[in-house]
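For the sequence shown, position 24 matches number 25 in our numbering, and the numbering has no gaps at all.
All C-beta atoms in this analysis are idealised placements derived from N, C-alpha and C, irrespective of residue type, glycine included.
As C-alpha cells, the structure follows; a few thoughts come after it.
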Amino acid sequence: DAAFVPLTVFSTSIHLGGQMSSWLKLQRRGCPTSWYSFNGRCYKYISSPKTWFGAQVHCASQGANLVSIHTSHEQNFVTALISSFDYSARPTWIGFSDTSQEGRWTWSDGASVNYVFWTAGQPNGGTRENCGVINWGSSFSWSDLSCSYSYPSVCRLMIFHV
C-alpha cells in the first residue's frame with residue numbers, strides 16, 4: 002500500500018549526551034502532512050509560540066496532545082524533530098505539568114510517568130513553575146517554567162484502540 006511506503010523527508014544529526022547520534026531520518030510512514038512517525042505514532046513540531054495551555058488546545062484541535070515522552074529513544078527522536086525545524090533548539094513545551102497538584106507531575110494525555118529527564122536541580126519552581134519544557138540548555142533535558150511563557154511545542158497524535 003503506497004500510504005505506508007517510508008518517505009524520507011530529510012535527515013539530521015544531533016549531539017546528545019556527549020555522543021553524536023546516528024543519523025535520524027524523519028519519516029511520514031502514513032502520518033498526515035507535516036507529521037512524522039516514531040514507533041507507530043505521529044509527531045508534529047509547532048513553531049508558533051504559545052502558552053502551555055494554548056499549545057495543549059492547539060494540539061487538541063488536531064486530535065492530539067502535547068507530547069508525552071516514555072523512553073530515551075523517544076526523547077532523542079523528539080529533540081531531533083525539534084532540531085530539524087529550529088536550529089537554535091529553543092525550549093519547547095511538552096505535555097508534562099504539576100498544575101493539578103504541586104509536585105505531582107503528570108502527562109496531559111493521561112499516560113503513566115515512567116521516564117523523566119530533568120535538568121540537574123529541576124524541577125525547582127514550586128507553585129510558580131508548573132509546566133515542562135524540553136531542550137533546556139545543551140543537554141536537551143527538561144525544566145519547569147511558568148505556564149504563561151510562550152514557546153514552540155510538540156504534539157503527538159492520540160492512538161485509538163477499536
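Is it buried or exposed for residue i, if we count other Cβ within 10 angstroms and need 16 for buried?
i           : result
residue 44  : buried
residue 111 : exposed
residue 152 : buried
residue 131 : buried
residue 124 : buried
residue 207 : This structure does not reach residue 207, given that the chain is present from 2 up to 163, and the question cannot be answered.
residue 24  : Caution applies to residue 24, whose pLDDT of 47 falls short of 50 and renders its modelled position unreliable; the value that the coordinates give is listed next. The residue in question, residue 24, is exposed, as its Cβ has fewer than 16 Cβ neighbours within 10 Å.
residue 109 : buried
Would you tell me roughly how many angstroms separate the C-alpha atoms of residue i and residue j, rounded to the nearest one?
i           : j           : result
residue 98  : residue 154 : 14 angstroms
residue 46  : residue 66  : 12 angstroms
residue 1   : residue 79  : Here the chain has residues from 2 to 163 only, and residue 1 is not among them.
residue 144 : residue 127 : 12 angstroms
residue 142 : residue 119 : 6 angstroms
residue 86  : residue 48  : 8 angstroms
residue 106 : residue 148 : 14 angstroms
residue 102 : residue 129 : 12 angstroms
residue 139 : residue 122 : 15 angstroms
residue 55  : residue 37  : 22 angstroms
residue 53  : residue 150 : 7 angstroms
residue 156 : residue 82  : 11 angstroms
residue 42  : residue 159 : 8 angstroms
residue 22  : residue 29  : Residue placement at residue 22 is flagged as unreliable, the pLDDT there being 43, under the threshold of 50; a coordinate-derived value is accordingly withheld.
Which residues does DSSP pair with residue i in a beta bridge?
i           : result
residue 31  : Partner(s): none; residue 31 has no beta bridge.
residue 145 : 133
residue 37  : 44
residue 154 : 47 and 94
Report the option in the options whose CA atom is closest to the CA atom of residue i.
i           : options              : result
residue 84  : 147, 27 and 151      : 27
residue 51  : 70, 93, 158 and 102  : 93
residue 69  : 104, 138, 55 and 115 : 115
residue 133 : 139, 146, 157 and 37 : 146
residue 91  : 42, 135, 101 and 33  : 135
residue 40  : 62, 76 and 140       : 76
residue 58  : 96, 37 and 113       : 96
residue 137 : 104, 64 and 89       : 89
Shorter than 8 angstroms, the distance from the beta carbon of residue i to the closest heavy atom of the ligand MN, or not?
i          : result
residue 76 : Looking at this structure, you won't find the ligand MN or any other ligand, since it has none at all.
**Within the segment 41-119, ranges of the beta strand (DSSP E) (whole runs, at least 3 residues)** = 42-51, 65-67 and 93-98
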